[in-house]
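Below: the structure, in structure tokens.
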Amino acid sequence: MKPGTPVLVAPQEPEAMDALKEVAARVGAHLVQPPRLELYHLGSSATTAGIVTTRLRLQQQGTSTNGTTAKDSDPEVVVGIGGEHMRVNAALAVALAAEWEAQYGATAATPSAVEPAVAAARAATVRSLALTPEYATGLRTVRWPGRSQVLHDDVAATQGGRLTFYLDGAHTPESMAVCAAWFTGEVQAAEKAAGGGGEGNADGDAQHSHRRRRRRRHAAVLLFNCMKERDPAVLLPALAGALSAARQTDSQLGFEPPLAAAVFTPMLSGNGVLLPSYDGKQLQQPQSATVVPSTDLTWQFRMRNVWDSLPHPQPRSNTTAVVAAAVAEAPVAATVAKPPVARGLRAGVTVGSGTGGWSVSGCDSVRLYGLPYSSVGESLPAVLEALRAAAVADPWVHVHVLVTGSLYLVGDMLRLLNKPPL
Numbered sequence: 001m002k003p004g005t006p007v008l009v010a011p012q013e014p015e016a017m018d019a020l021k022e023v024a025a026r027v028g029a030h031l032v033q034p035p036r037l038e039l040y041h042l043g044s045s046a047t048t049a050g051i052v053t054t055r056l057r058l059q060q061q062g063t064s065t066n067g068t069t070a071k072d073s074d075p076e077v078v079v080g081i082g083g084e085h086m087r088v089n090a091a092l093a094v095a096l097a098a099e100w101e102a103q104y105g106a107t108a109a110t111p112s113a114v115e116p117a118v119a120a121a122r123a124a125t126v127r128s129l130a131l132t133p134e135y136a137t138g139l140r141t142v143r144w145p146g147r148s149q150v151l152h153d154d155v156a157a158t159q160g161g162r163l164t165f166y167l168d169g170a171h172t173p174e175s176m177a178v179c180a181a182w183f184t185g186e187v188q189a190a191e192k193a194a195g196g197g198g199e200g201n202a203d204g205d206a207q208h209s210h211r212r213r214r215r216r217r218h219a220a221v222l223l224f225n226c227m228k229e230r231d232p233a234v235l236l237p238a239l240a241g242a243l244s245a246a247r248q249t250d251s252q253l254g255f256e257p258p259l260a261a262a263v264f265t266p267m268l269s270g271n272g273v274l275l276p277s278y279d280g281k282q283l284q285q286p287q288s289a290t291v292v293p294s295t296d297l298t299w300q301f302r303m304r305n306v307w308d309s310l311p312h313p314q315p316r317s318n319t320t321a322v323v324a325a326a327v328a329e330a331p332v333a334a335t336v337a338k339p340p341v342a343r344g345l346r347a348g349v350t351v352g353s354g355t356g357g358w359s360v361s362g363c364d365s366v367r368l369y370g371l372p373y374s375s376v377g378e379s380l381p382a383v384l385e386a387l388r389a390a391a392v393a394d395p396w397v398h399v400h401v402l403v404t405g406s407l408y409l410v411g412d413m414l415r416l417l418n419k420p421p422l
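Numbering-wise, the sequence shown is residues 1 to 422 according to full-length UniProt numbering.
In structure tokens form, the structure reads like this:
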């Protein structure tokens, strides 16, 4: 902090905010908390450009964040990165950009492509809580690989499966909580889009609605690893608690995405080793899943044991199962209603606990083909193949995989999915 300089700060815990205020007062800086993103409105040019969405969340609540009644026509500022925490970051970014344009708009420090008067006028507009098209477009098109990123797996889709990855490099207890909230919200949105919950139809045909919900099932999977500098006994309880809390909230709305499996696997990068950088020519096709040489899985078993010790909403059996790390043969065809029992588990290198094989009990309790409730995978490529096999085995189950715990893990998965960060 510098004397006479504005300091923009996002919402903080009370102790942290008190410390910031103390330092600001001591050095003579001006502490400013930017407006929430919901308080901004968009101009007509932004609206006609399609940079708005209906405030579905606010309509459900009936009020906006500033206490006024939300109207059907009220637009919401779109941020290209999902999660409420990213909207907080976006509000801070908007205020920072406006402050910079206000201070330097009339000087030579402004980029040559921007007229100083235009920059100053734009800053004044934003400070009046009206986003200009440039700001709205920037927020809508922002991307951050590995942070609140959603990717649909093309390989599973070509075989009739539905497999979606949700990648976030959260690696602290606090970020675990916001990551869990984001993931649950995304799965809930997918359920709504698929008609997987809610009330019966307008004609009161509850039986038809029930059959529809049973057909379109959703299963959540956790794919986790963290660096040895982190403590899984701290991270995993925070993640499990947040997932459980979000799940209970969603169940009140008619949606309750179950956690069908948790997989702990080594990373390809890390320990001073990084995968080759992407040069635009590699990975023309998604990488095949080859099993890496055998490695020490002690760390992965420790994480799995921590996870198994936590309270979970779904019952688990004491069965110990062995599932595949590499799928040598083609997965079960999507048209097969139930896979043969003999193929329910694949002998190999992933050891887990809980019920393995094919088991579905009701529309809200899903067990994935070939995956026990918790397991340790020998390699990340092999786990990817196992997830694809589980998704292809039942085309009516949409598998949602949360990949988190380490940016190394997220980066490795992006490369395996042929979506490496550029």
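The beta carbon of each residue, even a glycine, is placed where N, CA and C say it ideally should be.
The structure displayed is predicted, hence computed values, not measured ones.
Less than 6 Å between C-beta atoms, sequence neighbours within five positions excluded: which residues of the same chain meet that for residue i?
i, result
"L402", "Y166, F183 and L222"
"G80", "R140, T141, V142 and R143"
"F301", "V376"
Who pairs with residue i in a beta bridge, going by DSSP?
i, result
"H41", "A130"
"Q149", "L167"
"F224", "F264 and T404"
"L259", "A220"
"V397", "R217"
Roughly how many angstroms separate the alpha carbons of residue i and residue j, rounded to a whole number?
i, j, result
"A19", "T5", "17 Å"
"V9", "N305", "39 Å"
"V360", "Y369", "Bear in mind that the predicted position of V360 carries a pLDDT of just 30, short of 50, making it too unreliable to give a figure here."
"A98", "H400", "38 Å"
"K2", "W100", "16 Å"
"V178", "P232", "17 Å"
"A190", "R147", "19 Å"
"D308", "A391", "24 Å"
"L131", "F264", "43 Å"
"A193", "R127", "36 Å"
"V397", "N418", "24 Å"
"Q149", "M413", "12 Å"
"L416", "A389", "16 Å"
"G138", "V187", "26 Å"
"Y40", "S379", "46 Å"
"R230", "L243", "20 Å"
"Q12", "G83", "17 Å"
"A181", "A246", "6 Å"
Less than 8 Å between C-beta atoms, sequence neighbours within five positions excluded: which residues of the same chain meet that for residue i?
i, result
"P35", "A91, A95 and L129"
"L235", "H171, T172, P173, M176, C226 and G405"
"K21", "L31"
Locate the beta strand (DSSP E) running through residue i, then write down its first and last residues.
i, result
"S374", "S374 to V376"
"V32", "H30 to V32"
Check for me: the alpha helix (DSSP H) holding residue i runs from which residue to which?
i, result
"P6", "No alpha helix (DSSP H) holds P6; the beta strand (DSSP E) holding it covers P6 to L8."
"residue 424", "For residue 424 there is no data in the structure shown, the boundaries of the chain being 1 and 422."
"G384", "Sequence inspection shows Leu at residue 384; the Gly mentioned does not correspond to that position. Here the alpha helix (DSSP H) through L384 covers L380 to A393."
"V94", "E84 to Y104"
"W299", "T298 to S309"
"M17", "P14 to V27"
"T184", "P173 to A193"
Which residues in the same chain as residue i place their Cβ atom closer than 7 Å to its Cβ, once the five residues preceding and following it in sequence are excluded?
i, result
"M17", "none"
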